[in-house]
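Here the protein sequences come in this chain order: Y and R. Count the first sequence with this note's numbering and you get residues -6 to 502, in order. Count the second sequence with this note's numbering and you get residues 9 to 554, in order. All C-beta atoms in this analysis are idealised placements derived from N, C-alpha and C, irrespective of residue type, glycine included. Computed from a prediction, not measured in an experiment: that's the story for all the values here.
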Amino acid sequence: MDIKRLTATLHQLERKTLPCLAKVNSLKELVKASGLKEVEVMRALQWLQNKKIIKLTSEKKEIIKLDENGKKYLKTGLPEKRFLQALKNTGLALEEIKKEGALENDELNVCIGILKSRAAITFKDKKVAITSQGKNLLKKKSLEEQLINKLVKETIAKSELKDEERFAYENLKKRKGLVKTTPRKEVTAELTELGKQVTKEAVKLKNAIDTLTPQMLKGGAWKKKQFRWYDVKINVPNISGGRRHLANEVTEHVKRIWLEMGFKEMKGTIVQTSFWNFDALFTAQDHPVRELQDTYYLKDPAKGKLPDKTFVNKVKRAHETGVKGSTGWQYKWDPRNAMLNVLRTHTTCLSAQAIHTLKKSDLPAKFFSVGRNFRNETLDWHHLFELTQVEGIVVDENANLRNLVAYLKEFFKKMGYLDVRIRPAYFPYTEPSCEVDVLHPVKKKWVELGGAGIFRPEMVVPLIGKDIPVLAWGLGLERSMMEYYKITDIRDIYKNDLKQLREIKSWIK
Amino acid sequence: MPTIKLNKQVLLKKLGKKLSDDELKDRISYLGTDLESIEGDQINVEIFPDRPDMLSEQGFGRAFNSFMGKDVGLKKYKVHDSGEKVIIDKSVKKVRPYTACAIVKNLHLTDENIKELIRIQEKLHASFCRNRKRAAIGIYPMEKIKLPIYFKALPRTKIKFRPLESRQEMTALQMLSRHKAGREYAHLLEGLDEYPLFIDSTNQILSMPPIINSHLTGKVTEKTKEVFIECSGFDFRVQSQCLNILITTFADMGAEIYSMDLYYGAKKLTTPDLSSRKMKLDLKHANKLLGLNLKEPQVKKLLGRMGYGYSKGKALVPAYRVDVLHQVDLIEDIAIAYGYENLEPEIPRIATTADEDKFERFKNKIANILVGLGLMGVNTYHLANKEHQTKKMGVEIDTIELANPTTKEYDVLRAWMIPSLMHVLGENLHNEYPQNIFDIGTIFKRNKTTETGVEENDRLAVALCGPDTDFTKIKQVLDYLFRCIDIKYEVEEAEHPSFIEGRVARITAKGKKVAYIGEIHPKILQNWDISMPVTAFELNLSELLD
């Protein structure tokens, strides 16, 4: 071990305790010599032993303490003293002494025994008188009194008593409730060979700098001194700072991915008419997704306005009899159903709106959005009524299914998923349709993260007037968040538990 | 989506090939059905709603086999002519105008088959038939009925028969109020004075669609060798499709199909019609959309694996397929047969300019400024509780209610953000203070001029909660924010029941009232069980950016 390093990294408490060890060894003495509190010395000794600078031995000792009566007499004085004080020069009857000295009967008897054995009193005509020996006793503190006073200030072990003290202790012990002993481990420390070297080295560092202050910098005092080394491995208390909510962190990353690939951001409202949410997406009016148990409707305003008539009629025709080459759904389309306000069930309605505004000269065009969508779901560990959806479209005469697979794989690669599977699926407004699965890195199971496809001509033609391939996808983000943050209950993502938000790792992909 | 259970051994026996569970899982997924699990011999699969023809073991097996290369191409089903009649009375025109019917003979029903029949009927009713709204199916043992069959409507008060699983005769109205199926589907006959009935030539009622069959004629048993099948509803095309799906399933069980002549007045229609439909396939378009270079023989082969025939640029679509509206539907099936897993990804080199929405960028900037001040971003729901938005904040404001909330806890769209933050603080009483939080989110209010009648604004709400917070602290945040975005603002004294009187202000910027700021009133804090001072502001960001 490097002595210099060892010495330099000593803690302040260690540095204060160490020099004392050359002179004294017991904990009690070290406390006195260092001027530290007992717990501080104990901590320092523990650390020093861990570093093999000292060797600690502990011995069981009986510590003497004042008992109940002892504490009482500390205030009132010992009964024998009070006895003598009551006596004065003239003799007194026992009853009078008892009253004058505020003594109990048993105390009175004890006093007589003690004082007689010390020849401090004599009995004459049923009266008690003080002797000259007694007068001497009255002037000074008895050995017992001295011990009692000392016990208050210091912790004394039985084995450490001096002869006179031992005599006093034995006397007190005979009496009821004056002193008691409790066992205690007494620690002594001894410097090891290493310790002696460290002590020598420590002398040089006596005036080492702890905290660098502006004063030192101004005065240049640091120049002549050494810096105390820190234990850089020591654990520090946790702190936390301001940060974005975890879902926002993910959203920002996802936006970055699409921006890097040249996509333009789409925006739109959360409340939409069924027209934009369903009808413009070639979702038949009797499709189960439009039912109350799947979609949220508004009480008031229950209905919104439809876009211009020509456009609405094109959508109506697509549903009823189809566009060129299509049979359509072959039912009677009702504009009243299309007017019903809903909370958007997907952000695909934004894609429909974006396509509708495009002119031929705008092509090819690529759009994305990240936004909330709403499903009438009962909350449980894997269902939520508000979810975050990533939406994307590529509107291009030459777009094809292989391009769609490529965009999806590229996105998920940037999201950290290398194993991506595209398999057939069904949505009313896409054909071909697919579902995107990623391989869960731990569970090794395919996890469904979203749907995609090429918009059907029945959807695209009314929107833009021509059958142009539109690659489209709508992907959920919550499952990725759960996987990354190791969250098992989807509700915990939006629980806003501040402890969780302060402690959770950042989204780094 | 409906889920069906398949027996693995039966499926593999039909295929005549051994597959491991992993191979089976993989193939089922790439066929275009959603595999849920394989547990022992049971396969659980979700069928997408466009393929009701796959809702039975027979239908699924048919699609799976050809996908795997067995029995490829258009499957031919023979339809015998029974010459039997169904007479459709004009009284049904207003209540349930159409039916499509057939007779099936030579049935070899086992207990398992009968259960399967009930299952198919249930799955079709639930999905393709939209809970019997679009179509309802009835199957009757021939030995109990006497042809021809009449389909007619009678006044509802005059109908009386013994419904399935009932001990006695009931009137139509009794059935609708007392019988289990009656109660469940009564809404489908709502508002009608006459109810539709199938009646045989002895004047025996067979059923009252779409509610219930007669107990006397409606039960198929192991002894049943021949059945009469009808499907009734509002669209002859839908009724025929439904019948076709059912009939082909029977045929796949080994039964023989017989057609019936339906007399709609003078007009005679014969069902079932199992002839295939021709659909033009533009090979060039298919290749363009898939990014492939398939030749005609290849396409013919691929279509064959999805159960289609092909002849001279036209696909022959089987009569049980209801999902083929346009050639894109053929193109998808070509892709499925080709294998989605075999599509080589290719990112096209098209140059487009990325463009982040300016307002989104602005909001992001605001969030970063607040994070710099050490505030914690939270993310709260747009759905809120009406009480939280109003009473609990001591205010009476207009909120937009949902027509069908899932729970009372979330019954409105939020009209302001501070209650969302109060909710967060109220849920974090056990966590360390100070709790300084913010959220940027959308709020909703009525506005007749918008498309939906609802106006949406993006707002920022900040709340400082802790022993040392006060008006100065919250105003410092607001002031710093305005300096960072370089917008001047004015402060005026205000009144607001959520805040302490004399410690609340209104903020004006760009000539618009954009924010309230102040110390939340202790009585409001009490409502949320918060025993720590809270100061807050709510700023309308939509007004700040030009």
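Residue i in three-state terms, based on DSSP
| i | result |
| --- | --- |
| Y348(R) | helix |
| F545(R) | strand |
| T457(R) | coil |
| W439(Y) | strand |
| D209(Y) | A small correction: the amino acid at residue 209(Y) is Met; Asp does not occupy that position in the sequence shown. Helix at M209(Y). |
| E370(Y) | coil |
| I55(R) | coil |
| Q397(R) | helix |
| I147(R) | strand |
| Y328(R) | coil |
| C137(R) | coil |
| M178(R) | strand |
| H438(R) | coil |
| E284(Y) | coil |
| D327(Y) | coil |
| L14(R) | strand |
| I255(R) | helix |
Whole-angstrom distance between residue j and residue i, CA atom to CA atom
| i | j | result |
| --- | --- | --- |
| A182(Y) | Q219(Y) | 28 Å |
| G188(Y) | K9(Y) | 14 Å |
| L343(Y) | K260(Y) | 7 Å |
| S267(Y) | K483(R) | 43 Å |
| A331(Y) | N439(R) | 47 Å |
| E304(R) | L338(R) | 14 Å |
| H133(R) | R236(Y) | 52 Å |
| G48(R) | F72(R) | 19 Å |
| R369(R) | P10(R) | 43 Å |
| A112(Y) | L130(Y) | 10 Å |
| E370(Y) | I483(Y) | 13 Å |
| A15(Y) | I141(Y) | 32 Å |
| S248(R) | C239(R) | 8 Å |
| I56(Y) | T174(Y) | 5 Å |
| E551(R) | V522(R) | 7 Å |
| E390(Y) | L19(R) | 42 Å |
| L239(Y) | E496(Y) | 11 Å |
| D118(Y) | K134(Y) | 30 Å |
| G402(R) | G199(R) | 46 Å |
| G526(R) | I532(R) | 13 Å |
Proximity below 7 Å, CB of residue i to CB of residue j
| i | j | result |
| --- | --- | --- |
| V180(Y) | S51(Y) | yes |
| P204(R) | A161(R) | yes |
| E354(R) | A399(Y) | yes |
| R422(R) | E546(R) | no |
| N393(Y) | G299(R) | yes |
| L155(R) | A263(R) | no |
| V112(R) | F206(R) | no |
| E424(Y) | A311(Y) | no |
| L144(Y) | L59(Y) | yes |
| K91(Y) | L101(Y) | yes |
| I515(R) | H529(R) | no |
Start-to-end residues for the alpha helix (DSSP H) that takes in residue i
| i | result |
| --- | --- |
| R8(Y) | 5 to 10 |
| L378(R) | 366 to 380 |
| G510(R) | Taken as a continuous stretch (DSSP letters only), G510(R) belongs to no alpha helix (DSSP H), being part of the beta strand (DSSP E) at 507 to 517. |
| F75(R) | 65 to 75 |
For residue i: DSSP bridge partner residues
| i | result |
| --- | --- |
| R414(Y) | D430(Y) |
| P444(Y) | Contrary to the premise, residue 444(Y) reads as Gly rather than Pro in this sequence. E428(Y), G467(Y). |
| D363(R) | K257(Y) |
| K168(R) | T179(R) |
| A182(Y) | L49(Y) |
| R365(Y) | T381(Y) |
Extent of the continuous beta strand (DSSP E) run through residue i
| i | result |
| --- | --- |
| E238(R) | 235 to 241 |
| G526(R) | 520 to 528 |
| N334(Y) | 334 to 336 |
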